[in-house]
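> Just dropping this structure here.
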Amino acid sequence: MKIQLAPGPSELYFTVAGHLRQGLKDGIASISHRSRAFEEIFSSTTRALRELLDIPANFHVFFTSSATEVWERAIENLTESTSHHFVNGAFSQRFYEISRQLQRAATKQEVAPGGAFEEAVATPVELIAITHNETSTGVSVPLAWIAEVRKKNPDSLVIVDAVSSLPYPALDFNQFDSVFFSVQKGFGLPAGLGVWIVNERCLRKAEMLAGKGRSIGSYHTLLTLYENGKKNQTPSTPNVLGIYLLGCVANDLLARGIETLRRETDYKASVLYQALAAQPLAQPFVTEKKWQSKTVVVAHTGPHTAALAAHLERHGFAAGEGYGQHKKSHLRFANFPAHSKEQYERLADLIAEFRPAG
Ligand SMILES: *Cc1c(COP(=O)(O)O)cnc(C)c1O
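Note that the sequence shown ends on residue 1848 in the working numbering; no numbers are left out.
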């Protein structure tokens, strides 16, 4: 099996197979989501996440089926009519489109794919959406810039899509009202589970909208997630096995140490960016250094894309394809806790030695 460097689904964290076997043996996949056993899994997973990500007590942790679901729920539950989106790639653009599809007056500040934003000011809106790590282009919004948005827009709710960066960034929860991720990227788990973290302000907003008789959706609402969450339960039958595995991996990452994990991520990113700097046939797609992602490194490989991918493939690495229009001209490299330093050193050597055929 090749080492999976696509950003998601990505390489499984190395403990997942063992936890999966144990979970099946313990009958986790067949327990009722109204049982005491499930409530214990719910509470132990949320506890581990709180510790790992340093989530303050005034934030709630809920489970959804995906991050895409959170996009929709966020618009439904946190806005009556307006949202503003910082768009620099396909994922941030999709969040914007969902708001439009739900008939909100969505606005956006758009820069070229992979580009950096300037003005942190939005016109007054109910919700501001920031994609911390744009998985399609490898651009990451500096945390100081998120703080800037917060400072300049104190009346707006701020939501951060951190799907392809967590658990790496040391987030300051005072700088936003909600953050979310799904588990098949940085957490190295099988797909099919989203995590939505919200503060009291978000709950009040959903209550206010519901109180006015506005629809806040039907499948999952912030209020049903909250009512069930108080009992360590979920409104619908959730991905019990996924919640269980997330708790196991969060505990494993805690044991390894979040600081160690962050240092290793920085180290691996610098090894890879150095290799790209030394290889004239592949450049980082994001040129602004401060905005280059540590967790999803995107290389512009132009006409050498297929040959470089094949070279890596022969040596056991499956690079991620470019996203959308960049399918044939970019390669993407996930730098997650599941990827080891040794793998990244080897990857850098392979990139350095690459020469086109002929
Ligand atoms: C993958 C991704 C999503 C969508 O996640 P799903 O779990 O597929 O719904 C959203 N935002 C970003 C930044 C992503 O990378």
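No residue lacks a Cβ here, since even glycine has one placed at the ideal position from N, Cα and C.
Being a predicted model, the structure only gives us computed values, none of them experimental.
1. Please go through the same chain and pick out, in chain order, the residues whose beta-carbon is closer than 7 Å to the beta-carbon of Leu1582, but skip the five residues on each side of it.
2. Excluding sequence positions up to five away, which residues of its chain have a Cβ less than 7 Å from the Cβ of Asp1796?
3. Considering just the uninterrupted stretch of the alpha helix (DSSP H) at Phe1528, what are its terminal residues?
4. For Glu1638, write down the residues that DSSP places opposite it in a beta bridge.
5. Beta carbon of Ser1783: closer than 7 Å to some heavy atom of ligand 1?
6. Only counting the same chain, and skipping five residues up and downstream in sequence, which positions put a Cβ closer than 6 Å to that of Asn1741?
7. Between which residues of its own chain and Tyr1503 is the CB-CB distance below 6 Å, once the five residues before and five after are set aside?
8. With which residues is Phe1823 paired in a DSSP beta bridge?
9. State the start and end residues of the unbroken beta strand (DSSP E) segment that holds Ile1518.
10. Between Pro1774 and Glu1811, what straight-line distance do the alpha-carbon atoms span, to the nearest angstrom?
11. Over the uninterrupted beta strand (DSSP E) stretch that includes Ser1672, give me the two end residues.
12. Taking 7 Å as the line, does the beta carbon of Phe1532 fall inside it for any heavy atom of ligand 1?
13. Can you find at least 3 beta carbon pairs, one from the region 1657-1674 and one from the region 1509-1523, that sit closer than 8 Å?
14. Report the rounded CA-to-CA distance for Ala1619 versus Glu1570, giving the unit in angstroms.
15. What does DSSP give as the partner residues of Ala1619 in its beta bridges?
16. What is the DSSP secondary structure of His1509, reduced to helix, strand or coil?
17. Find out if the Cβ-Cβ distance for the pair Gly1814, Ser1626 is shorter than 8 Å.
18. Residues in its own chain within less than 8 Å of Ile1493 by CB, not counting five upstream and five downstream?
19. Which same chain residues end up closer than 7 Å to Gly1719 when comparing Cβ atoms and leaving out the 5 residues on each side of it in sequence?
20. Ile1545: which of Leu1762, Ala1789 and Trp1686 sits nearest, CA to CA?
21. What is the rounded straight-line gap between the Cα of Ala1602 and the Cα of Tyr1586?
22. Along the chain, where does the alpha helix (DSSP H) containing Asn1718 start, and where does it finish?
According to the structure data:
1. The amino acid occupying residue 1582 in the given sequence is Ser; Leu does not appear at that position. If we look at Ser1582 and ignore the five residues flanking it on each side, its Cβ neighbours are His1575, Phe1576, Thr1621 and Glu1624.
2. The sequence as given places Ala at residue 1796; Asp does not occur at that position. The answer is none, since no qualifying residue turns up.
3. Arg1526 to Leu1543
4. According to DSSP, which records beta bridges pairwise, Glu1638 is partnered with nothing at all.
5. no
6. Ala1538
7. Gly1678, Val1739 and Ala1828
8. Val1787
9. Per DSSP, Ile1518 belongs to no beta strand (DSSP E) and is neither H nor E.
10. 14 Å
11. Ser1668 to Ser1672
12. no
13. no
14. 15 Å
15. His1575 and Ile1649
16. helix
17. yes
18. Glu1501, Gly1806, Phe1807, Ala1808, His1829 and Gln1833
19. His1550 and Phe1552
20. Trp1686
21. 15 Å
22. Leu1712 to Gly1719
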